[in-house]
Every structure is written in C-alpha cells, then in structure tokens.
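Numbering-wise (the numbering used here), the sequence shown opens with residue 36 and increments by one. Don't be surprised by glycine CBs; every beta carbon is placed ideally from N, CA and C. Computed from a prediction, not measured in an experiment: that's the story for all the values here.
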Amino acid sequence: MNKTLISAAALALTCSGATLAADQPLKAVGVTMGNMGNPFFVTLAKGAAEKAKELGGDKVKITVDSADDDLGKQTNQIDNFIAAQVDLILLNPVHPEGIMPAVMRAKEANIPVIAVDAAAEGVNAMITSNNVQAGEKACQFIVDRLKGKGDVVIIDGPPVTAVTDRIKGCKAVFAKNPGIKILSDNQNGRGSREGGLETMTNLLTAFPKIDAVFAINDPTGTGADLAARQAKRTEFFITGVDGAPVAVEALKDKDSLFLATAAQNPLQMAKEGVAIGYQIKQGKAPKETTILIPVDLITRDNVKDYKGWVTK
Numbered sequence: 036m037n038k039t040l041i042s043a044a045a046l047a048l049t050c051s052g053a054t055l056a057a058d059q060p061l062k063a064v065g066v067t068m069g070n071m072g073n074p075f076f077v078t079l080a081k082g083a084a085e086k087a088k089e090l091g092g093d094k095v096k097i098t099v100d101s102a103d104d105d106l107g108k109q110t111n112q113i114d115n116f117i118a119a120q121v122d123l124i125l126l127n128p129v130h131p132e133g134i135m136p137a138v139m140r141a142k143e144a145n146i147p148v149i150a151v152d153a154a155a156e157g158v159n160a161m162i163t164s165n166n167v168q169a170g171e172k173a174c175q176f177i178v179d180r181l182k183g184k185g186d187v188v189i190i191d192g193p194p195v196t197a198v199t200d201r202i203k204g205c206k207a208v209f210a211k212n213p214g215i216k217i218l219s220d221n222q223n224g225r226g227s228r229e230g231g232l233e234t235m236t237n238l239l240t241a242f243p244k245i246d247a248v249f250a251i252n253d254p255t256g257t258g259a260d261l262a263a264r265q266a267k268r269t270e271f272f273i274t275g276v277d278g279a280p281v282a283v284e285a286l287k288d289k290d291s292l293f294l295a296t297a298a299q300n301p302l303q304m305a306k307e308g309v310a311i312g313y314q315i316k317q318g319k320a321p322k323e324t325t326i327l328i329p330v331d332l333i334t335r336d337n338v339k340d341y342k343g344w345v346t347k
C-alpha cells in the first residue's frame, strides 16, 4: 500500500470539505468494530454515521455491529453486509490476516472495505493513527520523567497492528535508554478497563517496585490506575494511548497515577474512512491507500487546552 502522513488540519479539511459526485447515491453503510464496549470504537461508529449522513442524507441506512473481539463473528457480520448489498464497509479488524477472506468476498461484490484504526489484509484503504508515534511519545514521557533510569512494565493488548505498533514505538524509545529495564511486556490487558485492572493487580503482586507503566490504551491504563489504588501503591505512574474522556478525567484527578496519553482522533478517522470508501464506490481511486494521522501527547500540563474527541 502507498502511505502518507497527513496533518490534523489537512485531515479536517479533507473530511469537512469533501463533496463527491453522487454518481451512485449512498444508501447503506456497514460498520463492524472490534468491540463496542470500548468508547473509542463507539466514537468511531459515531463519526462514520455522521459522514454517511452528510454524503447520503438522513435516509442512509447505517448498520453498526460489535465483533466482540471474535473473528468468526466479524466474518459473519461482513457476509451479512454483503447480503444486504451495502455500498461500503468500515472495518476495525479483530485479526489482520484472519479477516482477509471476508474482505475479499466484499470486494468481489463491488463493496469497498476501508480499515480504520488497525490494518487488515486485502482492504481498499486504511486510515489509522500513527501508532508507532503514539508509543514513542507515551514512552518518551516515561523516559524523560524517570531521567532515563527505572523499572517499567508494558501492558499488552489484542493482537492487532494498532497495538503491536504502539509497543514497537515504545520499545524503540526504551532501547535507546539502557537505564530503562522492562520488567514485563507480555501480559494481555485485553484493551479494557477490567483487563487493565486484572493484569495490573497481577503485576503488582509479581513486582514489589515499579517505576512506570505503559498501557496500550486508556481503558487499560485507567484499569491499572484502579489496581494501584486498591493495592495502595503509589510509587509509579502510567501513560496510555487514545485521549479518551476517561483519560481526561484521570489527568485532572490529582490522586490519579495516570499522567499522559497519546491522543487519537477517532471521529475524523472514521469520517475520512467513509469519504474514501464512497470515493472508491464512484470509481475514483484515492491517491493514497494508507493514511497515518499524527497524535498529540496530552499531559496534566496541557490537558486544560485539549478539546477531546471533537469533529474539528
């Protein structure tokens, strides 16, 4: 795939100003998200619906399904979208390779498939945050705060590229700082608050001293924060990825150990995905098929200026 890195301003212009020729009216859009229990995916679905109505009017049918991290379930959802003859599919893949057969069936039915937030084999295009950058920024914050020396843990998540890229970026930063020791990096917090709580509880039992935690997303990070409170452990701090409302609350809470998050823009990501899918449906191939959206690091110092997951 061709790749491009676009600024937030350019992305906003692309999404807000896109007026595509209505050669084929947009009547139906299928959206399948990894797990709608995560507010990030709820916001992605909201952005997709907003853009679909902008392009197709209020009568456009938008079907949003949660795959619940189940590849078989997501495969069935795509097959149902094909049977319903939707105009395009917005996909947050549960598994990058495993979902490929369903993606190919959709494309054979002349239905564009656009991946958002994580890569999937065979899709027409992908729009995601620069997740390597997200890991780099969150973990550079750790290095800077620890002055290059300390014991850290990484809480892993579902096996999708968004997660593996964040960890890749994080570890690249740690590798440049030999004073940083990774105590654990293979515990799966499942990308959820509950998973973060459970995993962090186990890590606190295993390690009597931890200096910092990198969680692959904000729900995981806030779950880890809760585990620390329950264990009355305060010697470390936590960073995450998303810029979610729950992270904003944590950053504003002086008693929280959650100190930084690499903020994404799920509304814009989804809007761009629908716009590109519709463009492809009109027979207009996009100039780029992989779009990486830069992230911003939000901390206690600048959270007051952070606008959150907004459309502009």
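The C-alpha of L79 is placed about 7 Å away from the C-alpha of M304. When DSSP states are grouped into helix, strand and coil, M71 belongs to the coil group.
In this structure, the straight-line span from the alpha carbon of P193 to that of K203 is close to 14 Å. Note on geometry: alpha-carbon atoms of S219 and G92 lie some 50 Å from one another. The beta carbon of K62 is closer than 7 Å to those of G91, V95, K96 and D122 in its chain, skipping five residues each way along the sequence. In the same chain as K172, and ignoring 5 residues on each side of it, the C-beta atoms closer than 6 Å to its own belong to A297 and L332, in chain order. Straight-line spacing of the CA atoms in V151 and K342 works out to 22 Å. By the neighbour-count criterion, in which a residue is buried when 16 or more other Cβ atoms sit within 10 angstroms of its Cβ, V345 is exposed.
For E229, the CB contacts under 7 Å within the same chain, skipping 5 residues up- and downstream, are G258 in chain order.
In the three-state reduction of the DSSP assignment, A250 falls in the strand class, which pools E and B. Residue burial is scored here from C-beta neighbours: A153 has at least 16 other C-beta atoms within 10 angstroms and is therefore classed as buried. C-alpha of D114 to C-alpha of T98: approximately 13 Å in a straight line.
In the three-state DSSP reduction, K216 falls in the strand class (E or B). Using a 10 angstroms sphere on the CB of Q265, the tally of other CB atoms stays under 16, which defines it as exposed.
Runs of the alpha helix (DSSP H) lying entirely within the region 223 to 290 and spanning at least 4 residues, in chain order: 228 to 241, 253 to 266 and 280 to 287. A residue is called buried when at least 16 other Cβ atoms come within 10 angstroms of its Cβ; E307 meets this threshold and is buried. When C-alpha distances from N212 are compared across A84, F176, F76 and Q168, the shortest belongs to F176. Within the region 61 to 125, the complete alpha helix (DSSP H) segments at least 4 residues long are 74 to 91 and 106 to 118, listed from N- to C-terminus. Rounded to whole angstroms, the separation of the alpha carbons of G275 and T240 is 21 Å. For the pair of segments examined, the region 98 to 110 was found to touch the region 125 to 132: the number of CB pairs separated by less than 8 Å reaches three. For L292, the three-state secondary structure derived from DSSP is coil.
Per DSSP, the unbroken alpha helix (DSSP H) holding G312 starts and ends at P301 to K316. Below 8 Å, too few C-beta pairs join the region 307 to 319 and the region 269 to 289 to call them touching: fewer than three.
Between K88 and K81, the alpha-carbon positions lie close to 11 Å from each other. The alpha carbon of I215 has as its nearest neighbour, out of T234, V188 and G224, the alpha carbon of V188. A buried status is given to Q168, since no fewer than 16 other beta-carbon atoms sit within 10 Å of its beta-carbon. DSSP places D179 in the helix class (H, G or I) of the three-state scheme. By the CB criterion at 7 Å, I190 and T255 fall inside the cutoff. The closest CA to that of L327, considering only Q299, T163 and R201, is found on T163.
Bounds of the beta strand (DSSP E) holding V148 are V148 to V151.
For V198, same chain residues with a beta-carbon under 6 Å away, outside a window of 5 residues either side, are G192 and I251 in chain order.
Your pair D288 and I273 does not check out as a contact, with CB atoms roughly 12 Å apart and the cut at 8 Å.
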